[in-house]
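Protein chains in written order, with this note's numbering: chain A, 1 to 252; chain B, 1 to 235.
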């Protein structure tokens, strides 16, 4: 019956799988602890920005939370339940480099809807809606890989949003985009956040973190150094590393 | 020079006149090899994809084995299929020896490892790019196989082509299980072998020319297909 609740109407986040709680999360490679998090609780609502220097483990953390890789120790709980197929179905992710199928723009979205189990009868309308949403309606039949970098990432984003996820993970989605393309992505992301989708986004762009973030998780060497309200974080960071990072110093 | 040029002019005359015997031989060759490649693709592509995305004990060994089987000597395959199909063999009751079906079976055995091994490579590369996105979309490893095969379709053409090239050009397997019976199991390669030893160079040469032409045309067609697809696929 839970499923019936979740899919009723267009308000995805409410019955929800949040908060997300990670405890004792460890991921290691080559004998080094790349992720070592005692406790991280991400609540429903708003945009959580995962910030930190290169190699802090931001992408890794996102993959662990999304369930793409398994931790060496520790556990994840979505609203108190361990991750399973049902919680996975309510999440989506956009990668730094968009992974588009070698098919048309429309077929890329249709594929995601089909994988999500949406009935065939509904898919065409939802594909059209997603294309419209991403400003890609004129390119529906074009091979996805002929799009520009910005358009590709926009397609990846509306494809992720098409399944109406409760939680959307974004891994530096604008890292290789120009300002105009970045603005388009940010507009879609904040709109999704307003509509109730929980955004968990990795970036190392402080400006972007300020523009989009409601709260910040600051990661350094695989550990959560700070987890606080975005305004507070930027005005008065509590840790030396975060202060240096915000000041634009090279944090090693 | 007269002696060397003569068979050539005779060969071209045979081809241009649409010689019935020549045509029969060419068509049988195409039928046997195309059927064999089709069946080998049905087996080899999913097999290759399974080896590419699967996580099971013995996967590495299976990959080594499939790669090694790419180099199966046709005469050995012919011999094994012969033993299977001969009257005393386990499949003797089917009475398939010295029929085109036997030749197809032998070529399937020959071509399947080639298609499987090359498909494995193609799908593994593609899976490296797709895996996380597909898991994120909720597509399991097993369910991702058709997706990977479809999205790798242009690269997989190369695998089919390699398989077809092997099938249409081999002589060792088809001559053993087919027997090179006139109008029944005589294909281009077996005829070339036979006619050359009989000294009938014109027919052998005509078939040789056709064989090479087919090989070039198929390669060119696939090359063009891939060229057109490249901008679509690899942009």
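By construction, the Cβ of each residue, glycine as well, lies at the ideal position given by its N, Cα and C atoms.
This one's a predicted model, so the numbers in the text were calculated from it and none came from an experiment.
Residues in the same chain with beta-carbon distance under 7 Å from residue i, minus the five sequence neighbours each way, listed in chain order, please.
i                     : result
residue 243 (chain A) : 237
residue 312 (chain A) : Here chain A comprises residues numbered 1 to 252, so residue 312 (chain A) is not present and cannot be evaluated.
residue 79 (chain A)  : 16, 17, 18, 19
residue 37 (chain A)  : 22, 25, 223, 224
residue 192 (chain B) : 204, 207, 208
residue 214 (chain B) : 168
residue 88 (chain A)  : 67
residue 13 (chain A)  : Caution is warranted here: a pLDDT of 42 is assigned to residue 13 (chain A), below 50, making its placement in the model unreliable, and the coordinate value is therefore given only provisionally. So the qualifying residues of the chain are 44, 166, 196, 197, 198.
Starting from the C-beta of residue i, find all residues in its chain whose C-beta is less than 6 Å away, skip the five residues before and the five after it, and write them out in chain order.
i                     : result
residue 141 (chain B) : 53
residue 82 (chain B)  : 176, 177
residue 265 (chain A) : The requested residue 265 (chain A) is not part of the displayed model; chain A covers only 1 to 252.
residue 96 (chain B)  : 85, 102
residue 266 (chain B) : An answer regarding residue 266 (chain B) cannot be provided, because it is not within the stretch 1 to 235 covered by chain B.
residue 70 (chain B)  : 113, 114, 117
residue 130 (chain A) : 109, 158, 162
To which residues does DSSP link residue i through a beta bridge?
i                     : result
residue 48 (chain A)  : A:200, A:215
residue 143 (chain A) : A:104
residue 220 (chain A) : A:223
residue 122 (chain B) : For residue 122 (chain B), which the question treats as bridged, DSSP gives no partner whatsoever.
residue 12 (chain B)  : Beta-bridge pairing links residue 12 (chain B) to no other residue.
residue 118 (chain A) : Looking at the DSSP assignment, residue 118 (chain A) forms no beta bridge with any residue, so it has no partner.
residue 228 (chain A) : A:216
residue 93 (chain A)  : A:169
residue 77 (chain A)  : A:21
residue 29 (chain A)  : A:32
residue 40 (chain A)  : A:22
Nearest to residue i by alpha carbon, out of the options?
i                     : options                    : result
residue 32 (chain A)  : A:239, A:232, A:223, A:181 : A:223
residue 217 (chain A) : A:25, A:42, A:26           : A:42
residue 37 (chain B)  : B:156, B:196, B:184, B:182 : B:156
residue 64 (chain A)  : B:125, B:152, B:132        : B:132
residue 208 (chain A) : A:47, A:17, A:22, A:24     : A:47
residue 67 (chain B)  : B:143, B:112, B:151        : B:112
residue 190 (chain A) : A:131, A:211, A:118        : A:211
residue 174 (chain B) : B:187, B:51, B:128, B:227  : B:187
residue 185 (chain A) : A:197, A:150, A:196        : A:150
residue 134 (chain B) : A:68, A:181, A:128, A:147  : A:68
residue 201 (chain A) : A:127, A:39, A:92          : A:92
residue 44 (chain B)  : B:114, B:55, B:128         : B:114
residue 164 (chain A) : A:90, A:82, A:250          : A:90
residue 189 (chain B) : B:16, B:12, B:25, B:20     : B:25
residue 136 (chain B) : A:66, A:239, A:102, A:103  : A:66
residue 107 (chain B) : B:73, B:89, B:86, B:212    : B:73
residue 125 (chain B) : B:104, B:143, B:109, B:153 : B:153
residue 52 (chain A)  : A:232, A:235, A:227        : A:227
residue 75 (chain B)  : B:63, B:58, B:172, B:39    : B:172
residue 227 (chain B) : B:164, B:181, B:158, B:213 : B:158
residue 80 (chain B)  : B:105, B:56, B:61, B:70    : B:105
residue 234 (chain A) : A:96, A:246, A:61          : A:246
residue 106 (chain A) : A:118, A:250, A:132, A:194 : A:132
residue 62 (chain A)  : A:249, A:203, A:135        : A:203
residue 206 (chain A) : A:138, A:148, A:248, A:84  : A:248
Kindly list the residues whose CB is nearer than 8 Å to the CB of residue i, restricted to its own chain and excluding five residues on each side of it in sequence; keep chain order.
i                     : result
residue 100 (chain B) : 28, 31, 32, 178, 184, 185
residue 1 (chain B)   : Residue placement at residue 1 (chain B) is flagged as unreliable, the pLDDT there being 43, under the threshold of 50; a coordinate-derived value is accordingly withheld.
residue 9 (chain A)   : The pLDDT assigned to residue 9 (chain A) is 40, lower than 50, so where the model puts this residue is not dependable, and the model offers no usable value.
residue 14 (chain B)  : 22, 202, 203, 206
residue 152 (chain A) : 98, 100, 144, 145
residue 46 (chain B)  : 145, 149
residue 192 (chain A) : 161, 168, 199
residue 3 (chain A)   : Reliability fails at residue 3 (chain A), whose pLDDT of 39 lies under 50, so the model's placement of it is uncertain and the value that follows must be treated cautiously. Within the same chain, residue 3 (chain A) has close Cβ partners 86.
residue 230 (chain A) : 49, 209, 210, 213, 214, 215, 216
residue 263 (chain B) : As displayed, chain B neither begins before 1 nor continues past 235, which places residue 263 (chain B) out of reach and without an answer.
residue 123 (chain A) : 110, 113, 114
residue 161 (chain B) : 218, 219, 222
residue 18 (chain B)  : none
residue 98 (chain B)  : 177, 178, 179, 181, 184, 185
Beta-carbon of residue i versus every beta-carbon of chain E: anything under 9 Å?
i                    : result
residue 93 (chain A) : Judged by its chain identifiers, the structure shown contains no chain E, and its protein chains are A and B.
Taking one C-beta from the region 158-178 of chain B and one from the region 211-227 of chain B each time, how about it: are there three or more such pairs within less than 8 Å? yes
The region 52-60 of chain A contacting the region 108-118 of chain A, beta-carbon criterion three pairs below 8 Å: no
Where are the alpha helix (DSSP H) runs, 4 residues long or more, that stay fully inside the region 136-222 of chain B, in chain order? 141-151, 153-169, 172-178, 188-198
Touching by the beta-carbon criterion (3+ pairs, under 8 Å), the region 5-13 of chain B and the region 108-119 of chain B: Here the region 5-13 of chain B makes no contact with the region 108-119 of chain B; the two share fewer than three CB pairs at distances below 8 Å.
Suppose only complete runs of 4+ residues qualify. What are the alpha helix (DSSP H) ranges in the region 35-116 of chain B, listed by chain order? 59-69, 74-85
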